[in-house]
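**Student:** In our numbering, the protein residues as written are 795 to 930.
Dumping the structure here so I can ask a few things about it.
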């Protein structure tokens with residue numbers, strides 16, 4: 795179901811709780827909401843739809859992916875980026891890494907590791923920041 799976008803900076807600044815298998819419906823709501831905003835958005839975290847759970851969805855070169863409880867375990871290639879956020883107006887400068895290795899759980903709650911680079915890595919970093927209450 796498409797959900798409204800959370801714009802409350804106080805709420806967005808709070809850390810999310812770990813997700814569990816009972817949160818699969820939240821992931822579907824995130825995917826539906828991301829698809830509805832595909833013209834202006836490439837990734838979302840659950841707190842962007844008002845739910846404090848560590849779940850992110852993102853566009854991975856044309857395929858929408860879901861990660862439960864993602865954590866960056868390795869990073870390299872620090873650079874300065876400028877990003878926008880659907881929950882905020884305007885753009886802001888931030889630091890990102892060109893390459894990241896992420897530990898996460900898939901829809902079956904199996905632990906996986908994957909390395910991402912470039913634009914996809916930047917999207918994932920932005921959404922993981924959301925899970926930690928960091929809003930650029």
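C-beta atoms are modelled at their ideal positions from N, C-alpha and C, and glycine is treated no differently.
#1: For the beta strand (DSSP E) that residue 872 lies in, which residues bound it at each end?
#2: Distance check for residue 929 and residue 885, CA to CA, integer angstroms please.
#3: Expressed to the nearest angstrom, what Euclidean distance is found between the alpha-carbon atoms of residue 845 and residue 888?
#4: Just to confirm the assignment: which complete alpha helix (DSSP H) runs, minimum length 4, are found wholly within the region 796 to 847?
#5: Ignore the nearest five residues each way along the sequence and tell me which others in residue 860's own chain have a CB closer than 8 Å to its CB.
#6: Have a look at 827, 877 and 819 and flag the residue whose alpha-carbon is nearest the alpha-carbon of residue 800.
#7: Using three-state DSSP, classify residue 922 as helix, strand or coil.
#8: Opposite residue 914 in the DSSP bridges: which residues?
#9: Of all the options 863, 927 and 891, which has the alpha carbon lying nearest to the alpha carbon of residue 812?
#10: Have a look at 910, 905 and 911 and flag the residue whose alpha-carbon is nearest the alpha-carbon of residue 815.
#11: Using only CA atoms, which one of 830, 926, 883 and 857 lies nearest to residue 914?
#12: When you compare each of 873, 802, 866 and 896 to residue 882 by their alpha carbons, which one comes out closest?
#13: What is the rounded straight-line gap between the Cα of residue 919 and the Cα of residue 868?
**Tutor:** Let's see:
#1: Per DSSP, residue 872 belongs to the beta strand (DSSP E) from 857 to 878.
#2: In a straight line, the C-alpha of residue 885 is about 11 Å away from that of residue 929.
#3: When rounded, the distance between both Cα atoms is 24 Å.
#4: Within the region 796 to 847, the complete alpha helix (DSSP H) runs of at least 4 residues are 803 to 806 and 818 to 830.
#5: 821, 824, 825, 849, 850, 851, 900 and 901.
#6: Minimum Cα-Cα distance from residue 800 among the listed residues 827, 877 and 819 corresponds to 827.
#7: Correct three-state label for residue 922: helix.
#8: Residue 914 is not bridged to any residue.
#9: The shortest C-alpha separation from residue 812 is found at 863.
#10: Nearest C-alpha to residue 815: 905.
#11: If we check each option's Cα against that of residue 914, 857 comes out closest.
#12: Measuring from the Cα of residue 882, the nearest candidate turns out to be 802.
#13: Rounded to whole angstroms, residue 919 to residue 868 spans 12 Å at the Cα level.
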